[in-house]
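To start, the structure itself, in structure tokens.
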Ligand SMILES: Cc1ncc(COP(=O)(O)O)c(C=O)c1O
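Residue numbers (the working numbering): 9 to 339.
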């Protein structure tokens, strides 16, 4: 079979059992390996859906410019779609992101504006604000806004959810995913709970993000916001794509546990993953341990992206040592 373009190769990623990092636990944990998408992340799914929907609604015209605030993965997905369909791309990102991610976007022909990380989202220098401003200034441009664009969660409702349901033959009991924009967890959970309302959904958050406190108290607290190194999950705002009605529990993971687990999964499972994947696995296993899940449980955990984007950070011993994480890696 010949695909008409690389866009048709998005999705249908494999579900792979974790065997060694789950030692001491009886449940089955299966990982949805999203780095096997053409852009090496889960975000390919939402990129094509957001652009498809924008084209249908006439929000983007041939030759137009796609502008987005992205930590890299959504940019990569959008850049692939733009390359195939002849759009230009401008991305804003933060100075916390790996240089690999920024160079990758530039390699696909996109322009990238690097903005400061530690400013409020409303600050005119933030990567959200700069993306918004550029989209107002540049004619025939489209700002997908993955945070509040519900095509994001819809992409997961239409693809990730059904794939997991079919791949587990309906036997999934627990679903764990990091919460960034919230699209992955909300869209997938909505589909899965429609098939079986007893499926438990576990959101994985970073220490330094607002989600866990918001989930537990219903209050948005700026006091929770602290800098952290794990890229892609946790927020300092509540995007439209997060719907806590579909989330049964939220586990917070710190950088040390997330990033050492990332290396462990690569070393023990042969899965070369990014840092938010390590956080998701750590959070999923911690939940399984605390809930005493036994052999009847089948947990699916999402691995959003690839280790290739973190070679100079998580997979660099000097960088890990600087942050005091290396001893755990050598355990
Ligand atoms: C590396 C990485 N992991 C996880 C996520 C979280 O997925 P979502 O935005 O669908 O909540 C993102 C999203 O930005 C990401 O880039």
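For each residue, glycine too, the CB sits at the ideal point set by N, CA and C.
Euclidean distance between Cα positions of residue i and residue j
i: residue 248; j: residue 115; result: 31 Å
i: residue 93; j: residue 84; result: 14 Å
i: residue 104; j: residue 67; result: 31 Å
i: residue 27; j: residue 99; result: 38 Å
i: residue 339; j: residue 294; result: The predicted position of residue 339 is uncertain, since its pLDDT is 49 and thus under 50; no value can be drawn from it.
i: residue 81; j: residue 209; result: 24 Å
i: residue 97; j: residue 76; result: 8 Å
i: residue 60; j: residue 134; result: 27 Å
i: residue 141; j: residue 149; result: 11 Å
i: residue 291; j: residue 259; result: 6 Å
i: residue 106; j: residue 270; result: 16 Å
i: residue 118; j: residue 211; result: 32 Å
i: residue 201; j: residue 160; result: 18 Å
i: residue 70; j: residue 56; result: 15 Å
i: residue 72; j: residue 151; result: 11 Å
i: residue 157; j: residue 332; result: 38 Å
i: residue 129; j: residue 9; result: 45 Å
i: residue 179; j: residue 207; result: 9 Å
i: residue 37; j: residue 127; result: 38 Å
i: residue 155; j: residue 325; result: 33 Å
i: residue 273; j: residue 23; result: 15 Å
i: residue 257; j: residue 285; result: 18 Å
i: residue 145; j: residue 139; result: 10 Å
i: residue 301; j: residue 17; result: 35 Å
i: residue 13; j: residue 102; result: 31 Å
i: residue 334; j: residue 228; result: 34 Å
i: residue 31; j: residue 64; result: 48 Å
i: residue 29; j: residue 315; result: 17 Å
i: residue 21; j: residue 86; result: 19 Å
i: residue 217; j: residue 34; result: 31 Å
i: residue 328; j: residue 147; result: 44 Å
i: residue 143; j: residue 153; result: 10 Å
i: residue 277; j: residue 230; result: 37 Å
i: residue 215; j: residue 242; result: 8 Å
i: residue 246; j: residue 25; result: 32 Å
i: residue 330; j: residue 132; result: 32 Å
i: residue 108; j: residue 45; result: 18 Å
i: residue 205; j: residue 174; result: 16 Å
i: residue 48; j: residue 235; result: 26 Å
i: residue 123; j: residue 303; result: 47 Å
i: residue 58; j: residue 252; result: 22 Å
i: residue 120; j: residue 298; result: 43 Å
i: residue 221; j: residue 321; result: 29 Å
i: residue 296; j: residue 275; result: 22 Å
DSSP bridge partner residues for residue i (one or two, in chain order)
i: residue 184; result: 210, 309
i: residue 119; result: 98
i: residue 261; result: 214
i: residue 321; result: In the DSSP output, where bridge partners are listed per residue, residue 321 has none listed.
i: residue 23; result: 40
i: residue 18; result: Answer is none; residue 18 lacks a bridge partner.
i: residue 314; result: 281
i: residue 150; result: 74
i: residue 49; result: 313
Below-8 Å beta-carbon distance, residue i vs any chain B residue
i: residue 263; result: In the displayed structure, chain B is absent; only one protein chain is listed.
Assumed close pair residue i, residue j - CB separation to whole angstroms, cut-off 8 Å
i: residue 213; j: residue 43; result: No, residue 213 and residue 43 are not in contact; Cβ-Cβ is about 21 Å, not under 8 Å.
i: residue 250; j: residue 187; result: 6 Å
i: residue 263; j: residue 225; result: With a Cβ gap of about 24 Å, residue 263 and residue 225 do not count as contacting.
i: residue 125; j: residue 305; result: About 37 Å separates the two Cβ atoms, so there is no contact after all.
i: residue 50; j: residue 192; result: 6 Å
Pair within 8 Å by beta-carbon distance, residue i and residue j
i: residue 53; j: residue 184; result: no
i: residue 74; j: residue 90; result: yes
i: residue 167; j: residue 19; result: yes
i: residue 279; j: residue 40; result: no
i: residue 319; j: residue 288; result: no
i: residue 194; j: residue 254; result: yes
i: residue 219; j: residue 198; result: no
i: residue 282; j: residue 266; result: no
i: residue 196; j: residue 169; result: yes
i: residue 244; j: residue 261; result: no
i: residue 15; j: residue 113; result: no
Check: residue i C-beta below 7 Å from any heavy atom of ligand 2
i: residue 25; result: Absence of ligand 2 from the depicted structure is noted, with ligand 1 being the only ligands included.
What are the uninterrupted segments assigned as beta strand (DSSP E) that are 3 or more residues long and contained completely in the stretch 54-99, given in chain order?
73-77
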